[in-house]
């Protein structure tokens, strides 16, 4: 497939926003049961929530560049019964709304305690909103990934690993950002986030490698024989019917060399996983915001490369019909 | 429910592209608006087409065979492009099974083209909506046309009658009989899309002439041309008897 930058930015930016929100919610859940010190609502949760929201808005804006007719985008919410894209269009604003409410309630400290357990654990209203936000976040991860995973003839995508990778990679980038953010506004939580980030990065590396391994061994179900229905071992296309190119020659192939593709694979493996892991480790020890922020920036660049590779690697069966001018 | 479809006889197609130009001509002048061509007379021309004729070489030189292969939307019975559409612009008509795009609802997100394994959908780069073969839905029901012309433009244009049009759900229709008797097949059956359009395979048509047929042993002409038998010495039965 041809990697469209609008979709690359959409999926990576909302991934950061979703992961950042999950990180805030995780932190608050831990402190609610007194495993972590309580943080200032406005400084940490409200500001953090707004940062997450900015990334989500950035992703939403990027998505409009993918549409030919953005003025009709509202129609995309109608087919949620069958289309994962439509479901994403519904869940994204819901999730953004919940993040906004979550931040707003923290900002104004509308934090009524609904229930206090004998052990001292407290259930706050914001935590309830947080639970809803978390559910919406995971629903959004699933919708985004299923847009790709549900296309059965794009065999590289048609796997549960696609969904797992979207969840883990988005969460990892959000947690890395949360680590850098915590170092500024909630230093108590910095090493908590750094360790979780490293765990999620390690998990993401394993599942992404698993998907690379799976994809390198895929046997294409469609062949030139099934495409034109001729049972002969040697078939060669001599003409695709036109010489000037069309959507079919532009949209479904990455137009990069095999060497470039291979380089991108190593680049994204290094930048998304290895380098941020090392930077997080050293930033955690040195408590340097600069290093932690560098970990996030490097990982985000890595994720752009990862998403580029994700698209480029998918081999669409329609390419069988467009092999030569 | 009927399912309109095309049957394309690969044994007959000569790859002349008449169906391509006729399709483009009819549909670019149709009520749904033109089909964009960018740089038609310049470098890198590109444009939207509903129908393409491709050419394949089968076998190894010198034992090769050239096959011309027209490809348009196959109007699948289970079209993968329809459920993925977020706006409902892509739909399959219940009454005749034609898969259509509502150009007023399409947002141009290209997701349906990703979901079509045949590459049958082409986005119009100027109108920014997805376009595809309509089986000339604006023609086949037009009662102002003579009944013989109520067929898709590509079918009418084909000089060798390689394209047949009809209802594949009616077992007695011409195209159903043809599919049944001539070994009609579907493209990429592995995905379960059940394309309505079928293709008829290439067949070798040899003429076998046996020696007997060149020189018929029982040619009645030979009998007629046989001369009278030679006179005989002995009296015959005719000489000694009189009736």
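Protein chains in written order, with our numbering: chain L, 1 to 325; chain B, 1001 to 1243.
Just so you know, even glycine gets a beta-carbon here, dropped at the ideal spot from N, CA and C.
Considering only the beta carbon of each residue, do residue i and residue j sit closer than 7 Å?
i	j	result
residue 322/L	residue 209/L	no
residue 83/L	residue 10/L	no
residue 1138/B	residue 1048/B	no
residue 1059/B	residue 248/L	no
residue 1076/B	residue 1195/B	yes
residue 1162/B	residue 1012/B	yes
residue 292/L	residue 272/L	no
residue 1002/B	residue 1078/B	no
residue 148/L	residue 171/L	no
residue 1/L	residue 309/L	no
residue 67/L	residue 1108/B	yes
residue 1023/B	residue 1050/B	yes
residue 48/L	residue 24/L	yes
residue 1136/B	residue 1146/B	no
Just verifying my parser: in three-state terms, what is the DSSP assignment at residue i?
i	result
residue 96/L	helix
residue 1050/B	coil
residue 87/L	helix
residue 1207/B	coil
residue 197/L	helix
residue 1072/B	strand
residue 1064/B	strand
residue 1230/B	coil
residue 242/L	coil
residue 116/L	strand
residue 162/L	helix
residue 1055/B	strand
residue 129/L	helix
residue 123/L	strand
residue 1199/B	strand
residue 230/L	coil
residue 1096/B	coil
residue 1005/B	strand
residue 1044/B	coil
residue 1037/B	strand
residue 109/L	coil
residue 306/L	helix
residue 57/L	helix
residue 147/L	helix
residue 156/L	coil
residue 236/L	strand
residue 314/L	coil
residue 1212/B	helix
For the alpha helix (DSSP H) containing residue i, list its first residue and its last residue.
i	result
residue 1139/B	1137-1140
residue 1011/B	That residue, residue 1011/B, is in no alpha helix (DSSP H); it is neither H nor E in DSSP.
residue 1238/B	1237-1240
residue 259/L	258-269
residue 1122/B	Residue 1122/B -> not in any alpha helix (DSSP H); beta strand (DSSP E) instead, spanning 1122-1124.
residue 287/L	That residue, residue 287/L, is in no alpha helix (DSSP H); it is neither H nor E in DSSP.
residue 250/L	247-250
residue 1223/B	1220-1224
residue 1082/B	1081-1084
residue 1028/B	1018-1028
residue 1156/B	1153-1157
Start and end of the beta strand (DSSP E) containing residue i?
i	result
residue 1130/B	1129-1131
residue 1090/B	1090-1092
residue 1099/B	1099-1101
residue 1111/B	Residue 1111/B -> not in any beta strand (DSSP E); alpha helix (DSSP H) instead, spanning 1111-1114.
Is the shortest distance between the beta-carbon of residue i and the beta-carbons of chain D less than 7 Å?
i	result
residue 318/L	Absent from the structure: chain D. Protein chains present are L and B.
Exercise. Which whole runs of the beta strand (DSSP E) in the stretch 1163-1192 of chain B are 3 residues long or more, in chain order?
Worked result: 1163-1167
For this session: Residues of the stretch 1004-1022 of chain B with a CB closer than 8 Å to any CB of chain L: list them in chain order, please.
Result: 1017 and 1020
Exercise. Between the stretch 286-316 of chain L and chain B, which residues of the former have CB atoms less than 8 Å from a CB of the latter, in chain order?
Worked result: 316
For this session: With 8 Å as the C-beta to C-beta threshold (strictly closer), list the residues of the stretch 144-175 of chain L near chain B in chain order.
Result: 147, 150, 151, 152, 153 and 154
Exercise. Residues in the stretch 37-70 of chain L with C-beta within 8 Å of chain B's C-beta atoms, listed in sequence order?
Worked result: 66, 67, 68, 69 and 70
Exercise. For the stretch 219-249 of chain L, which residues have a CB atom closer than 7 Å to at least one CB atom of chain B, in sequence order?
Worked result: 221, 222, 226, 227, 228, 229, 230, 232, 234, 235, 236, 237, 238, 239, 240, 241, 242, 244, 245, 246, 247 and 248
For this session: Using a Cβ-Cβ cut-off of less than 8 Å, list which residues of the stretch 78-104 of chain L approach chain B; keep chain order.
Result: The stretch 78-104 of chain L vs chain B, Cβ under 8 Å: 78, 79, 82, 83, 84, 85, 86 and 89.
For this session: With a floor of 4 residues, list each alpha helix (DSSP H) that falls wholly inside the stretch 2-54 of chain L, ordered by position along the chain.
Result: 5-32
For this session: Mind checking the stretch 1180-1208 of chain B against chain L and listing, in chain order, the residues whose C-beta falls within less than 8 Å of any C-beta there?
Result: Taking 8 Å as the Cβ-Cβ cut-off against chain L, the residues of the stretch 1180-1208 of chain B that qualify are 1185, 1186, 1187, 1188, 1189, 1190, 1191, 1199, 1201 and 1202.
For this session: With 8 Å as the limit, tell me which residues of the stretch 1043-1056 of chain B have their beta carbon closer than that to any beta carbon of chain L; keep them in chain order.
Result: 1044, 1045, 1046, 1047, 1048, 1049, 1052, 1053, 1054, 1055 and 1056
Exercise. Taking any Cβ of chain L, which residues in the stretch 1069-1099 of chain B have a Cβ under 7 Å from it, in chain order?
Worked result: 1069, 1071, 1083, 1084, 1085, 1086, 1087 and 1088
For this session: Anything in the stretch 1109-1138 of chain B with a Cβ closer than 9 Å to a Cβ of chain L? List those residues in chain order, please.
Result: Taking a C-beta cut-off of 9 Å against chain L, the contacting residues of the stretch 1109-1138 of chain B are 1109, 1110, 1111, 1113, 1114, 1115, 1116, 1117, 1118, 1119, 1120, 1121, 1122, 1123, 1124, 1125, 1127, 1128, 1129 and 1130, listed in chain order.
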